[in-house]
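Taking the working numbering, the leading residue of the sequence shown gets 38, the next gets one more, and so forth.
Backbone N, C-alpha and C define an ideal beta-carbon position, used for all residues, glycine too.
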Amino acid sequence: MPNRPAIVFPTILVGADVQGKPNYCTVGACGVVNLEPMLYISLKDTHYTTSGVKENGFFSVNLPSSDLVQKVDFCGVVSGKETDKSRLYTPFYDETGRAPMIRNVRSIFFVG
Ligand SMILES: Cc1cc2nc3c(=O)[nH]c(=O)nc-3n(C[C@H](O)[C@H](O)[C@H](O)COP(=O)(O)O)c2cc1C
């Protein structure tokens with residue numbers, strides 16, 4: 038049965054370090070859980086990004102603007118298992134250094 042979303046999905050980039058290198062994956066299944074600073078993402082367990090979230094326990098949520106549409110599409114159809122996506126964006130980290138956020142993109146940092 039085709040996936041027909043009932044509402045508009047945001048399009049975000051989830052970032053995680055995998056074996057010491059940043060990786061990014063496009064995600065539509067993301068939303069607010071409650072009034073706490075808490076949100077959910079739904080990540081397929083076979084994604085390369087998911088292995089990084091499991092490895093480090095952290096991930097970033099990045100809200101790309103429309104000028105990044107081609108790169109965001111790329112991150113949604115190509116896996117870090119086959120292609121190195123680490124150089125697509127300029128990463129930065131908070132003091133824990135556990136998940137790559139994307140410079141010049143609105144980024145949030147979460148415990149997985
Ligand atoms: C618009 C769009 C939305 C997507 N949303 C999700 C999603 O919500 N959850 C998910 O697990 N994969 C989603 N994907 C698929 C992953 O982004 C895709 O399989 C990606 O290549 C995984 O990369 P990785 O293996 O490097 O982590 C989406 C792809 C696109 C193009």
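For residue i, which beta-bridge partners are listed by DSSP?
i	result
PRO128	ILE139
SER79	Answer is none; SER79 lacks a bridge partner.
PHE147	PHE96
TYR61	GLY52
VAL69	LEU76
Checking contacts by CB at 8 Å: is residue i closer than that to chain C?
i	result
TYR130	The chain labelled as chain C is not found in the depicted structure, where only one protein chain is given.
Here's the rule I'm using: 16 or more other beta-carbon atoms within 10 Å means buried, otherwise exposed. How should residue i be labelled?
i	result
SER60	The sequence given here places Asn at residue 60; Ser does not occur at that position. ASN60 should be labelled buried.
PHE95	buried
VAL75	The sequence shown places Met at residue 75, rather than the Val named in the question. It counts as exposed.
ARG140	exposed
VAL64	buried
Using only alpha-carbon positions, find the residue among the options that is nearest to residue i.
i	options	result
ASN40	ALA66, VAL55 and LYS58	ALA66
HIS84	GLY68, VAL70, MET75 and ASP54	ASP54
ILE78	PRO128, TYR126 and THR48	THR48
ARG135	ASP82, ILE44, PRO101 and VAL148	VAL148
THR133	VAL142, LEU125 and PHE146	PHE146
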